[in-house]
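Contents: one structure, followed by commentary.
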Amino acid sequence: MSNQNRHSGYNWVQSHNPANLDLKLQQQLQKEPTFYYFAYGSCMCPVDLKRSLGENTHPYVVAPGVLKGYSLGFYLYSSTRKCGVLDVVKDPNASVKGVLYQLPWRLSEYLDKREGVSQGLYQHETVEIHSHNSIYKDVRTYVAVSKLAEEIAPNDWYFNVVLRGAITCGLPEEYCWHLFNHMYQLQQCHQAQPIRRSA
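So the sequence shown is residues 3 to 201, counted in my numbering.
Rendered as structure tokens:
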């Protein structure tokens, strides 16, 4: 693939999707450093991400993307959300779909705070993301530091945020249904566990 189709993770560039940006924001992004970020869980939802970063993040969405060589699962328990939350684990036979952002570098610290980096919940992982026949290199994503042996179900709030983000940012319908079914099955198993224990 030619160099023009490869993108560095740390850039001084304008947005890849000017139709979604007003002129003022385009000019602002040209003047400040940015980084690419791949979201696969609740951060796929720009509305929920705004809650943590303090500004509208929908204009920073580049496109849906694919992380190859990883699989998706609820391998971390969030004491804040009181449920299982998403993680990615290396799997050469799988891939994860999500949302590629190009965020201003000034938001990096807030994103780390949201992901609990200082508490040892998640850590940075540098990955390649495939999107629209291009490869984005040096993209930041977050992976759980201490992974659970088995998945734990999300609560309804997390379920809805993840699904809303996937739909809002244009992930394929088939993948959205896959997410829905995965989360629904985990919730059903979670609800059935007390019954099995009491039998």
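Using N, Cα and C, we set each Cβ at its ideal position, and we do this for glycine too.
Delimiting residues of the alpha helix (DSSP H) encompassing residue i
| i | result |
| --- | --- |
| residue 111 | 110-116 |
| residue 168 | 158-170 |
Same chain, Cβ closer than 7 Å to residue i, neighbours up to 5 away in sequence not counted
| i | result |
| --- | --- |
| residue 200 | For residue 200, the pLDDT reaches just 30, beneath the cut-off of 50, and the residue's location in the model is therefore unreliable, although a value from the coordinates is still provided. Closer than 7 Å at the Cβ level, and outside the excluded window around residue 200, lies no residue. |
| residue 92 | 71, 72 |
| residue 3 | Confidence at residue 3 is low in this model, with a pLDDT of 43, below 50, so its placement is unreliable and no value can be given for it. |
| residue 118 | 124 |
| residue 126 | 142, 144 |
Bridge-paired residues (DSSP) for residue i
| i | result |
| --- | --- |
| residue 44 | Note: residue 44 sits in no beta bridge, so no partner. |
| residue 142 | 39, 128 |
| residue 154 | Per DSSP, none; premise fails for residue 154. |
| residue 91 | 73 |
| residue 147 | The partner list for residue 147 (beta bridge, DSSP) is empty, contrary to what the question assumes. |
| residue 122 | Residue 122 is not bridged to any residue. |
| residue 101 | 41, 66 |
Beta-carbon proximity of residue i to residue j, cut-off 8 Å
| i | j | result |
| --- | --- | --- |
| residue 147 | residue 122 | yes |
| residue 156 | residue 87 | yes |
| residue 170 | residue 48 | yes |
| residue 65 | residue 132 | no |
| residue 79 | residue 150 | yes |
| residue 97 | residue 68 | yes |
| residue 42 | residue 74 | yes |
| residue 44 | residue 167 | yes |
| residue 77 | residue 153 | yes |
| residue 174 | residue 99 | yes |
Extent of the continuous beta strand (DSSP E) run through residue i
| i | result |
| --- | --- |
| residue 59 | Residue 59 -> no beta strand (DSSP E), and no H or E assigned at all. |
8 Å CB neighbourhood of residue i in its chain, flanking five on each side removed
| i | result |
| --- | --- |
| residue 112 | 54, 55, 56 |
| residue 191 | 155 |
| residue 120 | 114 |
6 Å Cβ shell around residue i - same chain, five flanking residues per side excluded
| i | result |
| --- | --- |
| residue 51 | 45, 59 |
| residue 39 | 103, 105, 142 |
| residue 85 | 156, 157, 160 |
| residue 62 | 103, 104, 105 |
| residue 197 | Residue placement at residue 197 cannot be trusted, given a pLDDT of 40 that sits under 50; the coordinates are not used to answer. |
| residue 94 | 71 |
| residue 185 | 156, 161 |
| residue 194 | none |
Proximity test, Cβ basis, 8 Å: residue i and chain C
| i | result |
| --- | --- |
| residue 155 | Note that chain C does not occur in the displayed structure, where there is just one protein chain. |
May I ask you to verify whether the stretch 154-161 touches the stretch 103-112, counting CB pairs closer than 8 Å and requiring at least 3? no
Touching by the beta-carbon criterion (3+ pairs, under 8 Å), the stretch 47-59 and the stretch 175-183: no
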